[in-house]
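Everything in the sequence shown is counted per this note's numbering, starting at 877 for the first residue and increasing by one.
All C-beta atoms, glycine included, are put in the ideal place defined by N, C-alpha and C.
On a predicted model such as this, the values are computed, not experimentally measured, just so you know.
Accompanying notes for the structure given below.
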Amino acid sequence: MTADVFEIGHEHEQVVFMNDPATGLKAIVAIHSTALGPALGGTRFYPYSSTADAVQDVLNLSRGMSYKAALAGLDLGGGKAVIIGDPGTLKTEGLLRAYGRFVQTLNGRYYTACDVGTYSEDMDHIARECSYVTGRTVAHGGAGDSSVLTAYGVFQGMRAAAGFAWGTDSLAGRTVGVAGIGKVGRHLVRHLIEDGASVVVTDVSSAAVERVREEFPQVTVAASADALVASELDVYAPCALGGALTDGVVEVLSARIVCGAANNQLAHPGVEKMLEEKGVLYAPDYCVNSGGLIQVADELEGFSFERAKQRATGIFETTRGVFELAATDGVPPAVAADRLAERRMRDVGRLRGIWLR
Ligand SMILES: NC(=O)c1ccc[n+]([C@@H]2O[C@H](COP(=O)([O-])OP(=O)(O)OC[C@H]3O[C@@H](n4cnc5c(N)ncnc54)[C@H](O)[C@@H]3O)[C@@H](O)[C@H]2O)c1
């Protein structure tokens, strides 16, 4: 490993390496913070080119989860796990159950869930060895596919942004560009159309485009994400991969609002300032995409979709609060969101210092 994990992970509480050569399991769990409760975050199963890359990714992702949970008002800390390898060839019942036994040894300091490369059925396998699992299938008492409330929450954040920018919470009559119409993007298109927006979509998968066109013949299709951002939009919703907001995208963007589901949308620190200087209202990614976390977190209380949906509705108020603090403090919304999350981690986290027997 090129970097010292204690140096690059100096903010993190704990980083655990798990190794089971017989099944090929190589996993890393990073617990960034348990200030607000047990760390919750998904397990990413991905063929990292090096252990150093996997360490860097799990450290970044777990830190992001602390902020997401804190801003969403959950009693959860931030953690994340990665399993190194190609899930298409390496994933077996044995590997998942070995992983489950290792997660069990953390005794509830870390709860796992689905992420890139892992699905609810995988969580069911892990749960056969481990009590600290969310995102299981509905048949096993789980919350199932988290993209439903992720999309709903993004829509709530977008309504709050519309209210702030235009004085009306409705997207009716606005043109919204959705880049990436996978699990989340597809549900978002439905909310937008029901609200009366004109929707332009793009996806690298023609199957994804066809599916959406079949369901919603009124959507327009752009040839690429580049073509979409360069077209006349009121709102841009990045719902594919991270890093969508580059200097080049900000330069050509005509949208007044950016609000989408993708994690880590800002390609580098400083893009949030460029957006602000251009008059683009950016709804911070982890603020508006916390609906999925809210959905799987609800499983810890015995899953109720209605209760989780009600909590995800709160993303509207949270997003508005972020814009209001940004205006008061004279900072971009991304900075305001960090301030609110850090404030809650500090103010609520310190209560653990009141000793209880
Ligand atoms: N699923 C959730 O609950 C959830 C929660 C929080 C955040 N997110 C984030 O939201 C984003 C979407 O998640 P998802 O679950 O819908 O994933 P997904 O894999 O189902 O969908 C992503 C879609 O983006 C498309 N895509 C990839 N590269 C593209 C490009 N360059 N241009 C256009 N389209 C492209 C893919 O073909 C796919 O259809 C991801 O960044 C994810 O991390 C998801």
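When Cβ pairs closer than 8 Å are counted between the two stretches, the segment 1107-1126 is seen to touch the segment 1052-1069, the count reaching three or more. Between the alpha carbons of residue 889 and residue 908 lies a distance of about 5 Å.
Contact check for residue 885 and residue 935: beta-carbon distance about 5 Å, within the 8 Å limit, so the pair qualifies.
Burial is judged here by how many other beta carbons sit within 10 angstroms of a residue's own beta carbon; residue 1040 has at least 16 and is buried.
DSSP places residue 908 in the uninterrupted beta strand (DSSP E) bounded by 901-909. In terms of side-chain proximity, the C-beta atom of residue 1068 is found no nearer than 6 Å to any non-hydrogen atom of ligand 1.
In the pairwise beta carbon analysis, the segment 1085-1097 is classified as touching the segment 1063-1073: at least three pairs are separated by under 8 Å.
For residue 890, the three-state secondary structure derived from DSSP is strand. For residue 1214, the CB contacts under 7 Å within the same chain, skipping 5 residues up- and downstream, are 943 in chain order. Residue 1179 sits in coil when the DSSP states are folded into three classes, being neither helix nor strand. Sequence-distant Cβ neighbours of residue 1198 in its own chain, meaning closer than 7 Å and more than five residues away, are 1160, 1163, 1209, 1212, 1213 and 1216. Membership of residue 1112 in the beta strand (DSSP E) is indicated by the continuous run 1111-1114. When DSSP states are grouped into helix, strand and coil, residue 983 belongs to the coil group. Going by C-alpha positions, residue 1218 is about 42 Å away from residue 1086. Taking C-beta separations shorter than 7 Å and ignoring five residues to either side along the sequence, the partners of residue 939 in its chain run 887, 908 and 954, following chain order. Looking at the DSSP output, residue 922 sits in a beta bridge with 960. A distance below 7 Å separates the beta carbons of residue 1025 and residue 1171.
Shown here, residue 1133 sits in a strand according to DSSP, grouped into three states. Within the same chain, Cβ atoms closer than 6 Å to the Cβ of residue 1179 are found at 1019, the five residues on either side in sequence being excluded.
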